[in-house]
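Trainee: So that we are looking at the same thing, I have put the structure below in structure tokens.
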Amino acid sequence: MSEKVGVYICHCGTNIAKTVDVVEVARWAGVQANVEVACEYKFMCSSLGQTLIEEDIKEKGLTRVVVASCSPHMHEKTFRTACERGGLNPFMFEMANIREHDSWITDDGEAATQKAKALVKAAVDRVVHHQPLELLPVEINPNTLVVGGGIAGISAALELANAGYHVYLVEREPTIGGHMAQLDKTFPTLDCSACILTPRMVEVGQHQNITLLTWSEVEAVDGYLGNFTVTVRKKARYVDERYCTGCGICIEKCPRKVIDEVFEAGLSYRKAIYRPFPQAVPKYPVLDPPNCTYFERGKCKACQIFCPTTPNSIDFEQQDEILKLQVGNIILATGYTLFDCSRIPQYGYGRLANVFTSLEFERMVNAAGPTGGKIVLRDMKTPPMSVGIVHCVGSRDENFHKYCSKVCCMYSLKFAHLIHERLPDAEVFNFYIDMRTPGKGYEEFYHRLLDEETHFIRGKVADVTDAARLPGEEGKLIIQVEDTLIGKQRRIPVDMVVLSPAMEARHDSREITQLFRMGCDFDGFFIERHPKLDPVATMTEGIYVAGACQGPKDIPDSVAHGAAASARVAGLIARGIVMMEPVRASINKELCSGCRICNNLCPYNAIVFHEDQKVSEVITALCQGCGTCVAACPSAAITGAHFTNDQIFSEIEGILWDVQSDHWEREAELVTAK
Amino acid sequence: MKEYAYFPGCSLEKMALPYNLSTLESTRKLGVELKELEDWNCCGATAYFHVDELLANTLVARNLAMAEKMGLDLVAPCSGCFKNMYFTNLHLKKDPELAEHINFALEEDNLHFSGNIGIRHLIELFVYDIGFEEIRSKIFHPLNGLRVAPYYGCQILRPRKDHEDVEQPRFFEDLLSAIGADPIDFPLKLRCCGGSLIITSRPAALSMARNLIQNAIDGEAVVIATACPLCQVNLECYQQQINQEFGTNFSMPVVYFTQLVGLALGIPPKRLGIGAELVSAMPVLSQFQDSKQEKSQ
């Protein structure tokens, strides 16, 4: 063997050195086969550390390099570049992760040192089999798909479109706007939510660079970074968008009233053909077949009869349309749902009439809502004289969600303010566990509410009941709570209870992750590539996340997140080409028996069969290096670059060096030989 | 015929005799045989677990082991007995070392605990094992229009984590509906009856019982149905004292749910022990007895 391997053990300050005996690992590595030089250094990623590698390559003639430090996700690129500067092919480098996989997960120094040796040995044994490889250039399709038309998706789409790139915005509901369109005021400035949102919606609707696909869902995603093919189902609207002027006469004439469970949170009615709210974008209504008299009984057609356009816009024969979109990047902004309050039966939602959810209340205080902005009880006429607002319903709760939903404290404060404003005589109680108001102007808003004489009671509500016990409780809802500041149980009678439910991941978020081949956490929120340094990318190249689908967020955070995701995409598009890892499969024609097993297994359809030669071939441009064909080939004719059998088996043998029976003798031999 | 091992517990021997009578009568009518454990012992009641946990567990394990020997699921009509047996069973299954320790003692009696039987509260037997369909099909006298407060008490459901709804259960209401009665909306249905607090803190216990009865009256119930002998005693026997203490005028009959089920099945009140209570239930229940049947039997 003529390979000269340089081994560098990083202390990572004390992150590694505190647990792993780095000096010992370096000494030990120095006597291993093929190792020319082994040393430890405080920070290998520093420019001094990198220079160390470069100089050793030049002076000592190293042909391979191993760095034992952190995860390759962090610094593989750094060290590959260092190798390149020293004059080596960057793929002649291997990284051993002795931080995330070793020092951080144990306090047992001896065991950690032993494991570090095994990981280093594996990397050394592997790296001698490495082959020089070249990065593959991949062209980026400049179109982008944004999934979800809430405020996060809207900002992502607009940023990209304004930069001059084309965007497909797919939204499941009949209109864009998301939850923000349902809100009345936004905290802490109390801007009217619709007033600041609708201009953005209109901009999306009219933007020449945005193709808006509402009432549509993504059904399949194929391809990879730069070249995705996305299948979108455009659900039948039964309204022809080419002719419809959005005049709304069909809605007016429709004889069928349906409870609006989505936009009005069940507080009001819509028609069977409807537009969720007057400023909806696009303006075209949607017909809801299960509730339509025509679809039920074959008669009615009032909407079609009164439609003033020619040709008529109402099309009862319309079918779902399947669209294939070619895009280079995908931004997921699928948003959140609210926790179902009836899962906490002791709070009485669904059982006690005057218990409301925050979204119901939000619609109620909205001037465009079902009560025209009047705060009233379920009878829709009596204003409450006292209101209890319960925080953390389903959040910060061992039984439901352990996380804090982040926005509830602030909107509960906002509710209290709006009640004071509209019902000056009403008393408002806020029941909180901790008041969490971090954000610009948020704490000031809290203090404003303290001045407005809202009652703040620190304690988790135990029970909401209508069983009166004491005088003054008759006909009221009694909130039973431990006031933890005075250490007493209290019973507080109120007329109305508003529950602030947790923000939850969409209930189909797991299916979405499968569709887009990325991951979600235990709670169903999408996982970003790095929680601090890369909150917009995911572990899948070309897929990004924005807004509350990644975790609870308020409006400014969602807007920033959406814009950040599109900045990342815009950067890639501007470059036009991205360099991809050359980890690709290739077929040795001499060994291929032409059995065609690999052809159908390939998830990217990257393998073709040449009838004339009776052999298969991998199309490198399509191959994603997943390795399925490599494992399946019965003739071992397929090799995965950078993951060859030699490399993998040497790595395995290396990691198991200390369980081979004769390793101590071999060890001794090596030491004497050196 | 379904068979169960039956653990009546001490209350049903004397004080809650009507509960025992009505249980045996109504289950027989529904095609279930309850085989009383031979030589059963105390369930540990409220106190023993706090005095000596190991001995209390052993005490309960002996009963469980006897049922296991019969190869039958064990049914307890008293919520206190049920709670002790349910938790000991769970506890010993999770702690094999403790189980082994206790089995060493049980060997003396030629018994062995292995945790392979189910523990049922009597009301679960009616709700889940017999089922509403079966009960409905055998109704003789539906208790139409009888406004009943379904009083669960605390120990049937709590503290239990594996039951789907421990906060607002509906099964008692559903059972009452199945026999034709009209269950009221009873917000305090899961609140404690006072338990054995009546001995140590009388005013507190009386106040708890008062709230429950008042809540039932507010819901316009004419009778409270319970599934536990202690609940029955606390709610019924202390009404006089409550009236004195709080200036109320309660006269609310409190019966066992089995008595109502039995009545609906057409069993004569006498055989269900109706008439033995301190606040007579006859004024509200007499309309449901079959006069002819009464005479013939």
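Chains A and B are the protein sequences, given in the same order.
1029 is the number that my numbering gives the last residue of the first sequence; the numbers go up by one with no jumps.
286 is the number that my numbering gives the last residue of the second sequence; the numbers go up by one with no jumps.
The beta-carbon is built from N, C-alpha and C at its ideal position, and this holds for glycine as well.
(1) Counting pairs of Cβ atoms below 8 Å between the stretch 977 to 992 of chain A and the stretch 913 to 932 of chain A, do you hit three or more?
(2) Flag residue 252(B) as yes if its beta-carbon sits less than 8 Å from any beta-carbon of chain A, otherwise no.
(3) Does the beta carbon of residue 1109(A) come closer than 8 Å to any beta carbon on chain B?
(4) CA-CA distance, residue 669(A) and residue 559(A)?
(5) Reducing DSSP to helix, strand and coil, say where residue 537(A) ends up.
(6) Which residues bound the alpha helix (DSSP H) around residue 480(A)?
(7) Name the DSSP bridge partner or partners of residue 784(A)?
(8) Report the residue from 759(A), 531(A), 864(A), 812(A) whose alpha carbon sits nearest the alpha carbon of residue 858(A).
(9) Use the C-beta contact count for residue 159(B): other C-beta atoms within 10 angstroms, 16 or more gives buried, fewer gives exposed.
(10) Any idea what DSSP makes of residue 223(B), helix, strand or coil?
(11) What's the gap between the Cα of residue 286(B) and the Cα of residue 124(B)?
(12) Hey, residue 208(B) and residue 175(B): beta-carbon distance below 8 Å or not?
(13) Under the rule that 16 or more other beta-carbon atoms within 10 Å means buried, what is residue 592(A), buried or exposed?
(14) What is the DSSP secondary structure of residue 232(B), counted as helix, strand or coil?
(15) DSSP three-state label for residue 912(A), please.
(16) For residue 937(A) and chain B, any beta-carbon pair shorter than 8 Å?
(17) Please report the residue range of the alpha helix (DSSP H) in which residue 160(B) lies.
(18) Using three-state DSSP, classify residue 949(A) as helix, strand or coil.
(19) Straight-line CA distance for residue 199(B) to residue 177(B)?
(20) Might you give, ordered along the chain, the residues of its own chain that have their beta carbon closer than 6 Å to the beta carbon of residue 122(B), omitting 5 neighbours on each side?
(21) In the DSSP assignment, find the unbroken beta strand (DSSP E) run with residue 450(A) in it and report its ends.
(22) Here's a check: name, in chain order, each residue in its chain whose Cβ is nearer than 8 Å to the Cβ of residue 934(A), leaving out the five neighbours to either side.
(23) DSSP puts residue 1068(A) in a beta bridge; with which residues?
(24) By Cβ distance, which residues of its chain are closer than 8 Å to residue 284(B), with the 5 residues on each side in sequence left out?
(25) Please go through the same chain and pick out, in chain order, the residues whose beta-carbon is closer than 7 Å to the beta-carbon of residue 728(A), but skip the five residues on each side of it.
(26) So, is the C-beta of residue 177(B) closer than 8 Å to a C-beta in chain A?
(27) With DSSP as the reference, identify every bridge partner of residue 934(A), one or two as the case may be.
(28) Please report whether the beta-carbon of residue 233(B) lies at a distance below 8 Å from any beta-carbon of chain C.
(29) Does the contact criterion of 3 or more C-beta pairs under 8 Å hold for the stretch 988 to 999 of chain A versus the stretch 937 to 945 of chain A?
(30) Consider the Cβ of residue 156(B): report whether some Cβ of chain A lies at a distance smaller than 8 Å.
(31) According to the neighbour-count rule (16 or more other Cβ atoms, all chains shown, within 10 Å of its Cβ), is residue 869(A) buried or exposed?
(32) For residue 237(B) versus residue 111(B), is the C-beta distance shorter than 8 Å?
(33) Which value, in whole angstroms, describes the spacing of the CA atoms of residue 893(A) and residue 873(A)?
(34) Give a yes or no on whether the C-beta atoms belonging to residue 263(B) and residue 274(B) are separated by under 8 Å.
(35) Any chance the stretch 881 to 900 of chain A sits against the stretch 573 to 585 of chain A, with 3 or more Cβ pairs inside 8 Å?
Mentor: Let me spell this out:
(1) Contact fails: fewer than three Cβ-Cβ distances are below 8 Å.
(2) no
(3) For residue 1109(A) there is no data in the structure shown, the boundaries of chain A being 356 and 1029.
(4) So the alpha carbons of these two residues sit roughly 25 Å apart.
(5) helix
(6) DSSP places residue 480(A) in the uninterrupted alpha helix (DSSP H) bounded by 464 to 482.
(7) 743(A), 810(A)
(8) Residue 858(A) has its Cα closest to that of 759(A), out of 759(A), 531(A), 864(A), 812(A).
(9) exposed
(10) helix
(11) Confidence is the limiting factor: at residue 286(B) the pLDDT is only 44, short of 50, which leaves the residue's position unreliable, though a coordinate-based value still follows. Cα-Cα distance, rounded: 23 Å.
(12) Yes, the pair counts as a contact, with Cβ atoms nearer than the cut-off.
(13) buried
(14) Residue 232(B): helix per DSSP, three-state reduction.
(15) Of the three classes helix, strand and coil, the one that applies to residue 912(A) here is helix, per DSSP.
(16) No, residue 937(A) lies away from the interface with chain B (no Cβ there is under 8 Å from its Cβ).
(17) 160 to 167
(18) Residue state, collapsed to three classes: coil.
(19) 11 Å
(20) none
(21) Counted as a single uninterrupted DSSP element, the beta strand (DSSP E) harbouring residue 450(A) occupies residues 448 to 452.
(22) Setting aside the 5 residues that flank it on each side, residue 934(A) is surrounded in the same chain by 490, 491, 492, 493, each with a C-beta closer than 8 Å to its C-beta; the list follows chain order.
(23) Since the first residue of chain A shown is 356 and the last is 1029, residue 1068(A) is not available in this structure.
(24) Confidence in residue 284(B) is poor, its pLDDT being 45 and thus under 50, which makes the residue's placement unreliable; the coordinate value appears in the next sentence. Nothing meets the Cβ criterion.
(25) 720, 721, 722
(26) yes
(27) Answer by DSSP bridge pairing, in chain order: 492(A).
(28) Absent from the structure: chain C. Protein chains present are A and B.
(29) yes
(30) yes
(31) Counting Cβ neighbours within 10 Å, residue 869(A) comes out exposed, since fewer than 16 surround it.
(32) No, the Cβ-Cβ distance between residue 237(B) and residue 111(B) is not below 8 Å.
(33) So the alpha carbons of these two residues sit roughly 7 Å apart.
(34) yes
(35) Taking 8 Å as the limit for Cβ pairs, the verdict is that the stretch 573 to 585 of chain A does touch the stretch 881 to 900 of chain A.
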